[in-house]
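For the protein sequence lines, the chains are B and X, in the order given.
Residue numbers for the first sequence follow numbering that gives the first Met the number 0, beginning at 0 and rising by one.
Residue numbers for the second sequence follow numbering that gives the first Met the number 0, beginning at 0 and rising by one.
Number of protein chains: 2
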Amino acid sequence: MKVTPQRLAILQFLEGNTSHPTAEDIYRELKPQFPSLSLATVYNTLEALAGGGELQEVRITSNRRHFDPNPVPHCHFLCQNCDAIYDLEMWPEELRVPCEIDGNLILNSTLYLYGTCSRCRANQGNGGGDNDKENEPG
Amino acid sequence: MKVTPQRLAILQFLEGNTSHPTAEDIYRELKPQFPSLSLATVYNTLEALAGGGELQEVRITSNRRHFDPNPVPHCHFLCQNCDAIYDLEMWPEELRVPCEIDGNLILNSTLYLYGTCSRCRANQGNGGGDNDKENEPG
DNA sequence: GAGGTTAATTATAATGGTTATAAACAAAGA
DNA sequence: TCTTTGTTTATAACCATTATAATTAACCTC
């Protein structure tokens, strides 16, 4: 796997990033610095990194793939009010892989939670708006 | 919500069905008995039933929605060898909803497992083929 | 460094599951 | 039976993702 400026830029953008961006998000962010960057390159790079276990895909929403540079198993929480995706460190004991359940060999697992995040709960309690889709977590 | 022959047929097809069909699967199965049936009707009906909590969507594969008539929380297991989806009754204690984690209100959750099913493990042990995509469970 | 091989990047077209649309139709109640 | 209202149907649109093929750049060897 060759080292290219595009791949370095994508890796650098993802490093420590907890916003769970989509390929499109990454493309939009890097395009100004990399006018020649192609969306296909972003997809190719993410595919390669995910395949190598260096990041995980997050399929918590119906129609988009998000990406998380943290490869350690943890669960993801989608706030259905503001659409933000949060990392939660909780991970059930039963899901330590590899393991065996009813004769099946379990090699991998995903755990997605849905509800209302603490920030939105506070806003709603204060009589704030119902649907703060812009208020992503910091 | 009106009772129509199409909806009854879809409900009847799903009742007790553990094969986790897609909308397309249901459409293909029912089309012979219902020549006028439209794929859009299948989607509409599934959407309505899922919204009413009478069945659950299973988004265990990358690009297709599967449906499960069993609304009780349980986890889903995809065999990456034969592509079959199995129900597993295991459900971690921590995932009983509603609950609260780090101040977030959790209302719903999904748990997907990936690996090799017992049937494929047995086949592989016997020197059988690697990729029995046709061998769906009975 | 220069040359050659091989893989990556790019722009763009194609894919395909799902959703939207609007007209035709049928269920349920009066 | 009539009317209203929601449903079905066929089809077009949507849009995230993938495939394609030509161009370009990384990396190895000399």
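In this text, a Cβ means the ideal position worked out from N, Cα and C, and glycines have one as well.
The model shown is predicted, which means the values in this text are computed figures rather than measured ones.
Contacting residues, own chain, Cβ-Cβ under 6 angstroms from residue i (five flanking each side not counted)
i: L77/X; result: I59, I84, Y113
i: Q123/X; result: none
i: E135/B; result: Below a pLDDT of 50, predicted positions are generally treated as unreliable, and E135/B, at 47, falls in that range; no measurement from the model is reported.
i: P148/X; result: What the structure shows of chain X is the stretch from 0 to 137, and residue 148/X is not part of that stretch, so it cannot be assessed.
i: L94/B; result: S108
Neighbour-count burial assignment, residue i, 16 or more Cβ in a 10 Å radius
i: D67/X; result: buried
i: L54/B; result: buried
i: N125/B; result: exposed
i: G2/B; result: Inspection of the sequence shows that residue 2/B is occupied by Val rather than by Gly. Exposed, since its Cβ has fewer than 16 Cβ neighbours within 10 Å.
i: G137/B; result: Note on G137/B: pLDDT 41, under 50, position unreliable in the model; the coordinate value appears next. By the neighbour-count rule (16 or more Cβ atoms within 10 Å), G137/B is not buried but exposed.
i: V57/X; result: buried
i: T115/X; result: buried
i: P31/X; result: exposed
i: L106/B; result: exposed
i: T17/B; result: exposed
i: P20/X; result: buried
i: N62/X; result: exposed
i: A22/B; result: buried
Bounding residues of the beta strand (DSSP E) (the contiguous stretch that carries residue i)
i: E99/X; result: 98-100
i: T115/X; result: 103-115
i: L87/B; result: 84-87
i: L45/B; result: Segment 38-50 is the alpha helix (DSSP H) holding L45/B; no beta strand (DSSP E) there.
i: K77/X; result: Correcting the residue identity first, residue 77/X is Leu in this sequence and not Lys. Its beta strand (DSSP E) spans residues 74-78.
i: H65/B; result: 65-67
Residue range of the unbroken alpha helix (DSSP H) whose run includes residue i
i: E56/B; result: No alpha helix (DSSP H) holds E56/B; the beta strand (DSSP E) holding it covers 55-57.
i: D24/B; result: 22-29
i: L7/B; result: 4-13
Nonlocal neighbours in the same chain, by C-beta distance under 7 angstroms from residue i, ignoring five residues either side
i: Y26/X; result: L36, L38, V41
i: F33/X; result: Q5, A8
i: F12/X; result: I25, E28, L29
i: E88/B; result: H73
i: G52/B; result: P70
i: L104/B; result: P97
Residue i CB to nearest heavy atom of the ligand GTP below 7 angstroms
i: R118/B; result: Summarising the ligand content, the structure contains no ligands, and the ligand GTP is consequently not present.
8 angstroms Cβ shell around residue i - same chain, five flanking residues per side excluded
i: A49/X; result: Q55, E56, F66
*Please name the residues in the region 103-125 of chain X whose beta-carbon is closer than 7 angstroms to at least one beta-carbon of chain B, in chain order.*
N103, L104, I105, L106, N107, S108, T109, L110, Y111, L112, Y113, G114, T115, C116, S117, R120
*Interface residues of the region 69-85 of chain B facing chain X [CB-CB below 9 angstroms]*: Listed by position, the residues of the region 69-85 of chain B near chain X (Cβ gap below 9 angstroms) are C74, F76, C78, Q79, Y85.
*Quick one, which residues of the region 48-70 of chain X are near chain B if we go by CB-CB under 9 angstroms, in chain order?*
For the region 48-70 of chain X, which is checked against every Cβ of chain B, the residues closer than 9 angstroms are E56, R58, I59, S61, R64.
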